[in-house]
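A.B. asks: Chains as they are written, first to last, in this note's numbering: chain A, 22 to 170; chain B, 943 to 1165. Heads up, the beta-carbon is just placed ideally off N, CA and C, and yes, glycines get one too. Quick caveat: nothing in here was measured; it's all calculated off a predicted structure.
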Amino acid sequence: MASTTTTGGHAHKELGPGRLFLNWAALIVLTLTTFGVSQIKMPVNYHLAAALCISVIKVTLVVLFFMHLWHSEGINRIVFVTSFVFLLVLMFFVMADVGTRFTLSNSRIPPMPRVDQTMMPSGMPPGMGQPPQRRPEGPGQHPGKAGHP
Amino acid sequence: MQASAVRKMTPEGWLEPPPLPHHYDTVENHQNALRFGMWLFLGTEVLLFAGIFVGYFVFRTYFPEAFEQAGRHLSLFWGTTNTLLLLTSSLTVAMAHYNAEHGKNRNAFWLLTVSILMGAGFLCVKGIEYHDKFVEAALPGKFFHFTEITAPGGPVFYVVYFFSTGLHALHVIVGMSLLTWVAVRCWRKEFSPTYYSPVENAGLYWHLVDLVWIFLYPLLYLV
């Protein structure tokens, strides 16, 4: 052990088996909690939020203590947190796009013909194959002037 | 592995560590570099799975009913069993790291063996679940012929399900291979307080596999 005393690094701030075991117990309790919460009757979005919150807590515990990021060099923390930041960037912009789409009602493209739903594979986004909710308002109208539905 | 054949056993009961590469000043310098490299790699792994998770949320927005219906058809029992298996294997891997760092190679070997067996158990459970899905034709895309999911989007759910759990299972297999490799080296008593980075980095990879499952489990099985 004498060879490591000069390092002054993480080796002496390590987590012993007791702490690791405690961390494991906390993770098991959180797993049972998320299972229990999923059995409660409530709107699905609340379920999604609760499940994600508990998952984030569990992941934090794993990363900080099992993966030793708690007392690791700062550079490793920067790397890992950065990758999560970019995950959130990707998630945010993609979901902002998907969540705010609407049928283009001010274009000159004629409405799509109604497709027989029974003929389609059951994997089409809702709204596909149905005519847009607003008809085009005639030629000559500037596309930018029509308001959003 | 030729180097280990000529390395001598120290009085403490482990093999002499391999010589420090000349471009590192200290042992800790070397360890930090190895650890940093692993974290960089794990960062890219997070981004790899990020694509799959974003796909999950996009398709969930398109087909909320199908995702709810299909989620109820996954086995809660097997899903929860697998979660508990992976979390426990993470504990044993973390303990193996601790033991290897203290030169207790035999303890580390047995802890790694238990972890590998739990990984194998995880894959067996996954196999049972995949088998059930194939039997009821709850499959991706055009192979989908599962009548119990009536809402549109059933085939899309199973694309997400099979790709996310499949990529994760691939990572479990890679993780088990890495753990086997370091377990063999533990058996040869190669690790010591100044040389344990292989155990640490293989462990970090295993924890990442666990981390991905922590998100997959509630999103697929519970919500």
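1. For leucine 957 (chain B), which residues does DSSP report across the bridge?
2. Only counting runs of 3 or more residues, tell me where the beta strand (DSSP E) segments fall wholly within the region 1090 to 1163 of chain B, in order along the chain.
3. Going by DSSP in three states, histidine 89 (chain A) sits in which element: helix, strand or coil?
4. Check the Cβ of tyrosine 1175 (chain B) against every Cβ in chain A and list those closer than 9 Å, keeping chain order.
5. Could you please give the first and the last residue of the uninterrupted alpha helix (DSSP H) stretch that includes threonine 1003 (chain B)?
6. Note down, in chain order, every chain E residue with its Cβ under 7 Å from the Cβ of methionine 116 (chain A).
7. Step through the CB atoms of chain A and report whether any lies within less than 9 Å of the CB of tyrosine 966 (chain B).
8. First and last residue of the alpha helix (DSSP H) that includes tyrosine 966 (chain B)?
9. Measure from the C-beta of methionine 63 (chain A) to each C-beta in chain B and report whether the shortest distance is under 9 Å.
10. Excluding the 5 residues flanking valine 84 (chain A) on each side, which residues of the same chain have their C-beta closer than 8 Å to its C-beta?
11. When you compare the CB of phenylalanine 56 (chain A) with every CB in chain B, is at least one pair closer than 9 Å?
12. Given that histidine 1149 (chain B) touches chain A, what residues does it touch there, using C-beta distances under 7 Å?
13. In chain A, which residues lie less than 7 Å from aspartate 1152 (chain B) when you measure between Cβ atoms?
14. With 16 other CB atoms within 10 Å as the buried threshold, where does cysteine 1128 (chain B) fall?
15. Can at least three beta-carbon pairs, one atom from the region 1111 to 1118 of chain B and one from the region 1131 to 1140 of chain B, be found at a separation below 8 Å?
16. Please check the pair leucine 1054 (chain B) and alanine 1125 (chain B), which I expect to be a contact at CB under 8 Å, by giving their CB distance rounded to whole angstroms.
17. Could you spell out the range, first to last residue, of the alpha helix (DSSP H) harbouring serine 59 (chain A)?
18. Cutting at 7 Å between CB atoms, please list the residues of its own chain near histidine 1087 (chain B), excluding the five before and the five after it.
19. Using a Cβ cut-off of 9 Å, pull out every chain A residue sitting near threonine 1022 (chain B), in sequence order please.
20. What residue from B:Ser1119, B:Ala1036, B:Phe1001 and B:Met1060 has the CA that sits closest to proline 1097 (chain B)'s CA?
C.D. replies: With the structure as the only source:
1. Under DSSP, leucine 957 (chain B) forms a beta bridge with B:Met951.
2. List check, beta strand (DSSP E) in window: nothing returned.
3. Annotated three-state conformation of histidine 89 (chain A) is coil, per DSSP.
4. Coverage of chain B is limited to positions 943 through 1165, which leaves residue 1175 (chain B) absent and any answer about it impossible.
5. If you look at threonine 1003 (chain B), you'll find it in the alpha helix (DSSP H) that goes 969 to 1004.
6. Within the model displayed, chain E is absent; protein chains A and B are what it includes.
7. By this cut-off, tyrosine 966 (chain B) is not an interface position.
8. Careful: tyrosine 966 (chain B) lies outside any alpha helix (DSSP H) and carries neither H nor E.
9. For methionine 63 (chain A), the nearest beta carbon of chain B is not closer than 9 Å to its own beta carbon.
10. Spatial neighbours of valine 84 (chain A) in its own chain (CB-CB distance under 8 Å, excluding positions within 5 residues in sequence) are listed in chain order as Leu90 and Phe101.
11. Chain B places a beta carbon closer than 9 Å to that of phenylalanine 56 (chain A), counting this residue as a contact.
12. Around histidine 1149 (chain B), the beta-carbon contacts reaching into chain A at under 7 Å are Val83, Phe87 and Met88.
13. By Cβ distance, chain A contributes Val83.
14. It counts as buried.
15. The region 1111 to 1118 of chain B makes no contact with the region 1131 to 1140 of chain B, as fewer than three CB pairs between them are under 8 Å.
16. For a cut-off of 8 Å, the C-beta gap from leucine 1054 (chain B) to alanine 1125 (chain B) is around 4 Å, short enough to register as a contact.
17. Residues 38 to 60.
18. The residues are Ala1079.
19. Threonine 1022 (chain B) reaches chain A at Thr52, Leu53 and Phe56, counting residues in chain order whose Cβ is nearer than 9 Å.
20. When the alpha-carbon of proline 1097 (chain B) is set against those of B:Ser1119, B:Ala1036, B:Phe1001 and B:Met1060, the nearest one is in B:Phe1001.
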